[in-house]
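Structure first, then comments.
Chains as they are written, first to last, in this note's numbering: chain A, 39 to 450; chain B, 39 to 450.
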């Protein structure tokens, strides 16, 4: 029998508790060992709940109990999670976590500590909720050189963009619905500003290249500027708009970006709707492979956490994680990255504005709004971000153009 | 350094050779060990090819060379593959295979032998080509009770159905195109009759339940009866038709089936087009999770084979496969399985035929053909296969009905 402790009895923690009870028989069979919770750490008490008799308030009770072989950290946030996890590993206890902030910031260090102690630090649930992606990247795609990872890694924003697209609603309306349904927090910035997706792509890229990516260096743009008017054009073009977290690896180096992107229906990510997540991985041998499922939620996330616990039980004194070193890798400046953009402008003189666009951008991909006669949009050729931004600045100076209403990255 | 032998220099074998050369550096890094080919077994010689100096014609050369730690079997077919693989395992050599016939028939036995010798028998490439599915089922979905696995497991038929749907072509036309493009064999029956998909779902189900499923007991219907007229209705209903290989596990037992199914756009499998494959797995905790990618082809299949070789190298003297015992599990008779069906009929008297359908089947889901005034289709309620078939036999006896033109399973 293996005794474990759960740190935090919030949404994920109570999900882990529930899954361990619900599927006890099959989980024990898969682990070839009985897995039982001995402690649940939380500041609160839960007098009405069966869990109460396992509740402890002091982490040291867990840390100093040699019977505890695995600690499940599902508190979230960097502190005190980092201190607890570090101490647990140093005391020879394997750690399983769903905490993306912790993993993005200290993943490499904690993996190193786990390796030194010949135990494990596992974090499948930190990216893509229940979707298996960390283990496949580590263990299944080992014959390939991975050159791109692009994901829909945030369910809240995907729900919002899907609803805007399907029901023709504006940003504020769908945000309110998402909040009412519990998909979005009262302070939604971690989701809608792209910060959540940014930490997750940093983790995936770090694993793919085996080096530390500083997530603060990743260009991150959320969905707060996406309007009903933008979506109308996207629908009119029979395309789809998604918040994509992307990382590409080529001979020049590595870059990463989180931003809304207009994509065509031949891109399998275009079919990923509502709260679902998906991660598309491209390898030089395997081609495109995609992993799809529920990227958040109590039970799907708990499923990934408990699967990691099973793996930790099967490898109690054997380190199984591949290398992700603390050596930092600087990513390329986004300015130099080539891209195409969808640009919406309003004008004072339509014909002159069209000519200005054609002259400056060398494109004739112009899309006229069905709903508004005072604006149009165009699709640029593929050029660096910097060149496109310089041209936008020149365009604004033309007297025939009133305003650049929005710019959105475009993959035709 | 670990020395390996490849049995068979056909499509997959030459792909494995190519991948091992192309990505040698990254593969060696992932395996933490140099992996080098010492022998390639083939009856033929390849005098123009660099591989020639590794070619041997006698399996015993490989079998009796203690330096060979891993044998890659990519010949296909049951014999002599089975004899070679068994001998290799008994001689202490781990085996990696892409051979679905071999795995479906002898997987449990070969896993047992590998376990007894504390080595490995790995077969990720036998289902879904490059798509990671065997390893995720074994190692990532261990917290769940899996209650359904449904896949598009054959790229040839998916290409054909996609092309029929998109271009309004008939079966014979797309078969010819598929053969011309090399997607279908000159004798296409293994693909179009569903036999290929049948072996693959048998493997997935066997792993999910840990017992032996006799693939010959799985109801298997191919796509040879699907016509342009059927597809017209599917398009008219804004739905999609796919050859699905399905297995379900519930309190009554286990059943499996390969057949064309009409599915709605909310089913993520509906978005899987052309030669792509996908496997949708449903667990009682994780919900729906889908794995998508190229299900066949030289390099994607070789990617999965080589990833297994890397795993075998990392576990040279340690068995890692979960249990799939030789204990046989009988699957439920398809007659008792509940289903809804799309049924096309022609009539001598339209109003009477409609009434007969309504009376017999208790449904008012009737779809009139846009192209043909001598037929219509209807969707049955969910009932057992047997009850629906009995009602169809009664319907044929009505004088107002001329013919049942086709019946296709339907999941609305």
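We put the beta carbon where it would ideally sit given N, CA and C, even for glycine.
For residue i and residue j, I'd like the C-alpha separation in whole angstroms.
i              : j              : result
residue 221(A) : residue 281(B) : 35 Å
residue 160(B) : residue 167(B) : 13 Å
residue 38(B)  : residue 120(A) : Lying outside 39 to 450, the shown extent of chain B, residue 38(B) is not represented and no answer is given.
residue 313(B) : residue 304(A) : 13 Å
residue 289(A) : residue 430(A) : 29 Å
residue 182(A) : residue 321(A) : 5 Å
residue 310(B) : residue 277(B) : 13 Å
residue 238(A) : residue 70(A)  : 32 Å
residue 139(A) : residue 210(B) : 55 Å
residue 246(A) : residue 108(B) : 26 Å
residue 291(A) : residue 370(A) : 7 Å
residue 171(A) : residue 360(B) : 20 Å
residue 154(B) : residue 102(B) : 20 Å
residue 421(B) : residue 448(B) : 12 Å
residue 199(B) : residue 283(A) : 33 Å
residue 317(B) : residue 188(B) : 6 Å
residue 73(B)  : residue 49(A)  : 45 Å
residue 272(A) : residue 201(B) : 26 Å
residue 332(A) : residue 435(A) : 46 Å
residue 423(B) : residue 293(B) : 13 Å
residue 389(A) : residue 195(A) : 37 Å
residue 257(B) : residue 262(A) : 51 Å
residue 64(A)  : residue 414(B) : 48 Å
residue 416(A) : residue 381(A) : 5 Å
residue 216(B) : residue 56(B)  : 25 Å
residue 42(A)  : residue 88(A)  : 17 Å
Output, in chain order, the set of chain A residues within a Cβ distance shorter than 9 Å of residue i.
i              : result
residue 325(B) : 168, 331, 332, 335, 337, 338 and 341
residue 174(B) : 170, 173, 174, 178 and 329
8 Å is my cut-off, CB to CB: does residue i come that close to chain B?
i              : result
residue 246(A) : no
residue 440(A) : no
residue 65(A)  : yes
residue 74(A)  : no
residue 68(A)  : yes
Closer than 8 Å by beta-carbon distance: list the chain B residues that pair up with residue i, in chain order.
i              : result
residue 321(A) : 341
Kindly list the residues whose CB is nearer than 8 Å to the CB of residue i, restricted to its own chain and excluding five residues on each side of it in sequence; keep chain order.
i              : result
residue 408(A) : 270 and 274
residue 156(B) : 355, 356 and 357
Take residue i and list the residues in its own chain whose beta-carbon comes closer than 6 Å to its own, dropping the five residues that flank it on each side.
i              : result
residue 135(A) : 111 and 161
residue 163(B) : 136, 339, 342 and 343
residue 51(A)  : 44 and 112
List the residues of chain A whose Cβ lies closer than 8 Å to the Cβ of residue i, in chain order.
i              : result
residue 85(B)  : Those do not exist, as residue 85(B) stays about 27 Å from chain A at its closest Cβ, beyond 8 Å.
residue 61(B)  : 181, 182, 183, 322 and 323
residue 409(B) : Correct list: empty, because the minimum Cβ distance to chain A is about 25 Å.
Mind checking if residue i is an interface residue toward chain A, Cβ cutoff 8 Å exclusive?
i              : result
residue 226(B) : no
residue 57(B)  : yes
residue 158(B) : no
residue 431(B) : no
Find the residues of chain B that neighbour residue i, judging by a C-beta separation of less than 9 Å, and give them in chain order.
i              : result
residue 444(A) : Neighbours of residue 444(A) on chain B: none; closest Cβ ~28 Å, over 9 Å.
Whose Cβ in chain B lies nearer than 7 Å to the Cβ of residue i?
i              : result
residue 328(A) : 330 and 331
Quick check: does the Cβ of residue i come within less than 7 Å of any heavy atom belonging to the ligand MN?
i              : result
residue 392(A) : Ligands displayed in this structure: none; no statement on the ligand MN is therefore possible.
Q: Using a Cβ-Cβ cut-off of less than 7 Å, give me the residues of the region 177-197 of chain A that come near chain B, in sequence order.
A: 177, 178, 179, 180, 181, 182 and 183
**Q.** Interface residues of the region 265-291 of chain A facing chain B [CB-CB below 9 Å]
**A.** none
**Q.** Proximal residues, the region 294-310 of chain B versus chain A, C-beta separation under 7 Å
**A.** 306 and 309
Q.
Under 7 Å, CB to CB, which of the residues in the region 345-356 of chain A have a partner in chain E?
A. This model lacks chain E altogether; the protein chains it does include are A and B.
Q: Can you give me, in chain order, the residues of the region 84-113 of chain B that have a beta carbon less than 7 Å from any beta carbon in chain A?
A: none
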